[in-house]
Structures are given as structure tokens and as C-alpha cells.
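Participant: So for the sequence shown, the numbering used here puts the first residue at 6; every next one is plus one.
Please read through the structure below; I'll follow up with questions.
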Amino acid sequence: MTSTLISGGVVIDTSPEPTVIGTADVLVRDGRIAAVGPDLTTESGTEVIDATGRLVLPGFVDTHRHTWQAGLHGALIDDTLAGYLDRVIGGFAPLFQPEDVYAGTLAGALECLDSGITTIVDWSHIQHTPGHTDANIAALQAAGIRAVFGYAYGGDGGADGLLAEAKRVRGAVSGLVSMAMAAFGPEFGDLERALNEWRVARELDLPVTAHMGGHGAETAERGLAFLEEHGIADHPTTYVHANYYTDEHLKRIAGHGGTVSVSPVTETELVIGYPITGRALAAGIPTSLSGDSVIAGAADMFGMMRAAYMLERVRPDGAGLGFTTRDVLRLATIEGAQVAGLGDVTGSLTPGKQADLVLLRTDTLNVAPAHDPIAAATLFADTSAVDTVMVAGHVVKRDGRLVDHDLQTVLENLTTSATRITTA
Ligand SMILES: [Zn+2]
Numbered sequence: 006m007t008s009t010l011i012s013g014g015v016v017i018d019t020s021p022e023p024t025v026i027g028t029a030d031v032l033v034r035d036g037r038i039a040a041v042g043p044d045l046t047t048e049s050g051t052e053v054i055d056a057t058g059r060l061v062l063p064g065f066v067d068t069h070r071h072t073w074q075a076g077l078h079g080a081l082i083d084d085t086l087a088g089y090l091d092r093v094i095g096g097f098a099p100l101f102q103p104e105d106v107y108a109g110t111l112a113g114a115l116e117c118l119d120s121g122i123t124t125i126v127d128w129s130h131i132q133h134t135p136g137h138t139d140a141n142i143a144a145l146q147a148a149g150i151r152a153v154f155g156y157a158y159g160g161d162g163g164a165d166g167l168l169a170e171a172k173r174v175r176g177a178v179s180g181l182v183s184m185a186m187a188a189f190g191p192e193f194g195d196l197e198r199a200l201n202e203w204r205v206a207r208e209l210d211l212p213v214t215a216h217m218g219g220h221g222a223e224t225a226e227r228g229l230a231f232l233e234e235h236g237i238a239d240h241p242t243t244y245v246h247a248n249y250y251t252d253e254h255l256k257r258i259a260g261h262g263g264t265v266s267v268s269p270v271t272e273t274e275l276v277i278g279y280p281i282t283g284r285a286l287a288a289g290i291p292t293s294l295s296g297d298s299v300i301a302g303a304a305d306m307f308g309m310m311r312a313a314y315m316l317e318r319v320r321p322d323g324a325g326l327g328f329t330t331r332d333v334l335r336l337a338t339i340e341g342a343q344v345a346g347l348g349d350v351t352g353s354l355t356p357g358k359q360a361d362l363v364l365l366r367t368d369t370l371n372v373a374p375a376h377d378p379i380a381a382a383t384l385f386a387d388t389s390a391v392d393t394v395m396v397a398g399h400v401v402k403r404d405g406r407l408v409d410h411d412l413q414t415v416l417e418n419l420t421t422s423a424t425r426i427t428t429a
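Encoded structure:
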């Protein structure tokens with residue numbers, strides 16, 4: 006048995022609602038949260054991490070991230086969704102070889118861990134061949150992040166090929182990596198393919214994540230109606246973006262048990278649509294935050310939380326004034342875990358859950374003296390505050406540095422790969 010005591014930090018738990026517990030210890034045993042409270046007693050041999058001057062909270066959860074794009078930081082600036090689809094999906098993506106997928110996904114996953122995101126839904130539409138898929142999974146496992154591998158089948162959409170490859174992928178993920186069906190869905194035209202995606206997901210008991218409702222009012226209505234007409238809307242599905250759904254659509258999605266992933270930064274940068282955070286919550290839909298892509302701007306959770314908070318607060322007629330820092334922290338942690346299908350695994354400090362934790366510095370000029378710990382974590386801290394990060398009880402970042410990887414090599418491989426692709 007291995008145990009670690011995180012001692013003397015200001016602890017914030019997030020379930021059922023974000024709450025400041027105060028100065029306390031967190032005891033981790035065999036990778037799980039064993040206890041939270043003041044002055045915990047420990048067995049001999051317990052490693053102690055001094056968290057004095059730190060906030061201790063659950064790691065962040067990003068529910069939709071195209072992790073393979075990590076080498077494309079700033080490759081599409083001052084542009085729109087149409088430009089993204091043309092230049093990134095139409096131009097760069099076909100050039101990716103398996104080694105590029107590995108380099109991008111590894112660097113992207115480490116970027117997440119470095120900034121306190123301990124769980125991602127890796128929405129991966131770069132599966133040109135099984136070799137690409139294997140490289141993607143290997144990079145996630147090498148990174149040491151908790152990941153739901155959102156598998157977007159790269160074949161022609163036929164049911165047999167999709168089923169066979171999805172089965173193979175399901176057998177290839179293990180440990181911290183699990184699987185979802187990343188569906189191209191009914192809004193991109195090929196309805197037979199969309200139907201196959203949901204049917205295979207149902208057969209293999211995989212949740213679905215799909216970009217829906219973010220391409221205009223007409224396609225939003227048509228896509229949702231398609232799922233309902235074919236009797237697949239009740240399958241566990243995350244609606245990514247969802248900007249153009251009316252409140253009536255959102256009520257229908259809530260009734261189907263659907264969830265929402267809001268990307269407040271890219272939805273504004275790429276002018277996809279106004280983020281629906283508050284409207285989704287008002288409809289009773291489990292709602293979460295996501296980074297989407299780093300092509301047009303940073304995708305760390307601090308930026309996402311601030312964008313979601315600000316965009317909600319400024320809604321017309323005061324409609325978003327009830328949205329608080331506690332709400333945005335809940336979306337970034339426990340509600341994100343629920344949307345990712347991992348609500349029983351991570352997202353809070355509940356004893357028995359996996360020990361996915363982040364320690365944030367408060368002894369800095371931009372945070373001290375942290376009068377309100379939840380505001381410190383959501384509105385004041387940035388990635389430079391991330392001092393220590395733990396995934397499943399394993400310390401992946403300590404004293405401000407990732408510990409398991411040669412970052413110079415990771416960055417050299419990323420730069421070599423991305424330069425080849427963007428200058429081709
Ligand atoms: Zn996306």
C-alpha cells in the first residue's frame with residue numbers, strides 16, 4: 006500500500022456544490038481519496054506533500070478537446086469556423102501521419118496536465134488508418150492523463166468497418182484511458198453514416214459525443230429531429246457547442262438525458278455562436294466546459310472558466326446574474342466528470358474516488374492573499390499557479406514542473422512535426 010498526505014492546504018471540494026472546507030489534509034491511499042479533514046493521522050511510510058499556501062481541489066475536466074492539434078498553436082488567427090474547416094480539417098489534417106498524431110497528442114495531453122486538467126475527452130477525428138489510432142492511444146497512455154478516447158472512425162462510414170474497428174479500439178484502451186464514440190453526426194450530411202455511429206455505439210455500450218447545434222438554426226433542428234425520428238436520441242450523448250438550440254430544443258435534450266459541452270473560448274474566437282452555458286443549465290442539462298482546439302487561442306481551464314463566467318454575467322436583461330464562480334468551478338470539475346461519464350470516478354474529493362488533484366499557489370502577486378478561495382481558483386489564478394498535479398494518486402507535476410517527461414524532446418518532436426505540416 007502506498008499513501009500520500011497532502012497537508013495543510015486550503016481545501017475546496019466540489020460535490021455536490023463547490024465548498025471551501027478550509028485548512029485541511031487530503032489522504033490518498035493506493036491512488037484513491039481516503040479521507041479529507043484537519044490533522045489526519047497516517048501510517049508510517051506515508052509521503053507528505055506540504056500544501057501550505059496552496060489551494061487543494063479536484064483536477065479539471067475538459068469534455069471536448071482535439072488534442073492532436075497541439076502543434077497548431079496560433080495557426081489560425083482572426084478567422085472563423087469556416088476558415089477552421091477549410092484550413093485545419095481540409096488542409097492540415099490529411100497530412101498527419103501516425104507519428105504526427107503521437108507528437109501532437111502527447112504534447113497536448115501534457116499541456117493539459119501542466120495546466121491542471123487531469124481528465125480529457127480526446128475528441129479525435131484524425132483516425133486515417135488503424136496506425137493513427139494506435140499512435141493516438143499510445144500517446145494518451147504515455148502522457149499519464151485520464152482520458153476518454155473519443156474515437157472518430159476514419160473509414161468510409163460503412164457499418165461493418167465501423168463496428169469492427171470500434172471493437173478493436175475498445176479492446177486496445179485500458180487503465181486511465183477509456184473510449185467513447187466521437188460521431189460526425191447528422192449535421193455533416195451523411196445520414197447513413199450518422200445512424201451507423203449511434204447504432205454501433207449502442208451495440209458496444211459506448212457513449213456518443215457529437216458536434217451538434219453549432220452550425221445554424223436550421224441544421225440544429227434537423228439534426229436533433231433526426232436522432233429523435235430514428236429512436237437514438239435516448240442513447241447517452243454529449244452535444245458539443247449546441248449554440249443554436251432554442252430553449253425548447255434544450256428541454257427535449259434534457260428529456261433524452263443528453264449532456265452539453267460548451268467551448269466558451271473557441272465559440273467566440275471562431276464566431277461559432279454565443280455559448281449557451283446558462284440556458285443549458287436552466288433546461289436541466291448536465292453542462293461542462295471544453296477547450297476544443299488551440300489553433301485560435303489558449304485552451305487552459307482558467308481561460309475557459311473566465312470566458313464562461315464573463316459571457317454569462319453579461320447576458321442581456323440580467324439573465325445570467327445568477328451564475329457564480331461556484332457554478333463555473335462545478336462545470337470545470339464534477340459536472341465535467343459527469344458529462345464525460347466519469348462522475349463516479351473523478352471530479353470531486355469524495356473518499357473512494359480516484360485521487361485526481363491540483364494544488365494552486367496563492368503566494369503570488371496575482372492571487373495573494375486569496376480572500377475568496379473559489380474566486381482565487383476561477384478568476385485570479387492562471388496556469389503559472391499550477392504547482393502540483395496528481396492523477397490516480399501519481400504525482401505528474403511537482404513544484405511547478407512535469408516530472409515524467411523529457412519536455413525538450415517532446416517539444417522538438419512537436420515542432421518538427423508541425424513545421425512539416427504547416428509548411429507543406
Ligand atoms: Zn470540436
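The C-beta atom is built at its ideal place from N, Cα and C for all residues, glycine as well.
Are serine 293 and glycine 341 touching if we call contact CB-CB under 7 Å?
Facilitator: yes
Participant: So does aspartate 84 have its beta carbon nearer than 6 Å to some heavy atom of ligand 1?
Facilitator: no
Participant: Nearest to leucine 364 by CA position, among Gln132, Gly180, Leu62, is which residue?
Facilitator: Leu62
Participant: Given aspartate 105, which residues of its chain have a CB within under 6 Å of its CB, disregarding the five upstream and five downstream residues?
Facilitator: Ser422
Participant: What residues are listed by DSSP as bridge partners for leucine 407?
Facilitator: According to the DSSP secondary-structure assignment, leucine 407 is paired through a beta bridge with Lys402.
Participant: Since tyrosine 89 is in the alpha helix (DSSP H), which residue starts that stretch and which ends it?
Facilitator: 86 to 89
Participant: Please go through the same chain and pick out, in chain order, the residues whose beta-carbon is closer than 8 Å to the beta-carbon of glycine 348, but skip the five residues on each side of it.
Facilitator: Ile339, Ala342
Participant: How would the residue list near ligand 1 read, in chain order, if you kept each one whose beta-carbon is closer than 6 Å to any heavy atom?
Facilitator: His69, His71, Trp128, His216, Val245, Asp297
Participant: Between the beta-carbon of glycine 149 and the beta-carbon of valine 126, is there less than 7 Å?
Facilitator: no
Participant: Are the region 385 to 396 and the region 19 to 27 in contact at 8 Å, needing three or more beta carbon pairs?
Facilitator: Segments in contact, no.
Participant: Residues in the same chain with beta-carbon distance under 6 Å from glycine 4, minus the five sequence neighbours each way, listed in chain order, please.
Facilitator: This structure does not reach residue 4, given that the chain is present from 6 up to 429, and the question cannot be answered.
Participant: Hey, could you find the ends of the alpha helix (DSSP H) alanine 114 is sitting in?
Facilitator: 103 to 119
Participant: Just mark serine 179 as buried or exposed, buried being the case when its beta carbon has 16 or more other beta carbons within 10 Å.
Facilitator: exposed
Participant: Which residue wins for smallest C-alpha separation from leucine 370, given the options Ala381, Ala199, Leu362?
Facilitator: Ala381
Participant: What number of angstroms, rounded off, separates the C-alpha of valine 396 from the C-alpha of isoleucine 122?
Facilitator: 10 Å
Participant: Pick out whichever of Gln146, Val174, Leu145 has its Cα sitting closest to the Cα of alanine 157.
Facilitator: Val174
Participant: Assuming alanine 312 and valine 270 form a contact by the criterion Cβ under 8 Å, report the distance between their Cβ atoms to the nearest whole angstrom.
Facilitator: 5 Å
Participant: Counting along the chain, where does the beta strand (DSSP E) carrying isoleucine 258 start and finish?
Facilitator: Careful: isoleucine 258 lies outside any beta strand (DSSP E), inside the alpha helix (DSSP H) at 252 to 260.
Participant: Count the other CB atoms, across all protein chains shown, that sit within 10 Å of the CB of serine 353; report buried if there are 16 or more and exposed otherwise.
Facilitator: Serine 353 is buried by the Cβ-count criterion.
Participant: Output the distance between the C-alpha atoms of leucine 168 and valine 16, rounded to the nearest integer angstrom.
Facilitator: 45 Å
Participant: DSSP three-state label for phenylalanine 328, please.
Facilitator: coil
Participant: Which residue's Cα is closest to the Cα of glutamate 233: Gly260, Thr251, Glu223?
Facilitator: Gly260
Participant: Please classify leucine 81: does DSSP put it in a helix, a strand, or coil?
Facilitator: Residue state for leucine 81 is assigned as coil, using DSSP reduced to three classes.
Participant: Give the secondary structure of glutamate 52 by DSSP, where H, G and I count as helix, E and B as strand, and everything else as coil.
Facilitator: Of the three classes helix, strand and coil, the one that applies to glutamate 52 here is strand, per DSSP.
Participant: With DSSP collapsed to three states, give me the class of serine 353.
Facilitator: coil
Participant: On the DSSP letters alone, give me the boundaries of the beta strand (DSSP E) that proline 269 sits inside.
Facilitator: From DSSP, proline 269 is part of no beta strand (DSSP E) but of the alpha helix (DSSP H) over 269 to 274.
Participant: What is the C-beta distance between serine 120 and methionine 309, in whole angstroms, given that I count them as a contact (C-beta under 8 Å)?
Facilitator: Actually they are not in contact, since the Cβ atoms of serine 120 and methionine 309 sit about 10 Å apart, beyond 8 Å.
Participant: In the DSSP assignment, the beta strand (DSSP E) including histidine 246 goes from what residue to what residue?
Facilitator: 242 to 246
Participant: For tyrosine 156, write down the residues that DSSP places opposite it in a beta bridge.
Facilitator: Residue pairing by DSSP places tyrosine 156 opposite Ser129, Met186 in a beta bridge.
Participant: Which of the three DSSP states is assigned to isoleucine 339 in this structure?
Facilitator: helix
Participant: Using DSSP with H/G/I as helix, E/B as strand and the rest coil, what is threonine 428?
Facilitator: If DSSP states are grouped into helix, strand and coil, threonine 428 belongs with coil.
Participant: Taking methionine 6 as part of the beta strand (DSSP E), name the residues at either end of that continuous run.
Facilitator: In this chain, methionine 6 is not harboured by any beta strand (DSSP E), its DSSP state being neither H nor E.
Participant: If you draw a straight line from the alpha carbon of aspartate 322 to that of isoleucine 281, how long is it in whole angstroms?
Facilitator: 15 Å
Participant: Along the beta strand (DSSP E) that carries aspartate 67, what are the first and last residues, could you check?
Facilitator: Here the beta strand (DSSP E) through aspartate 67 covers 65 to 70.
Participant: Could you tell me if proline 21 is buried or exposed, where buried requires 16 or more neighbouring beta carbons within 10 angstroms of its beta carbon?
Facilitator: exposed
Participant: For the region 198 to 215 against the region 240 to 249, are there 3 or more C-beta pairs whose distance is under 8 Å?
Facilitator: yes
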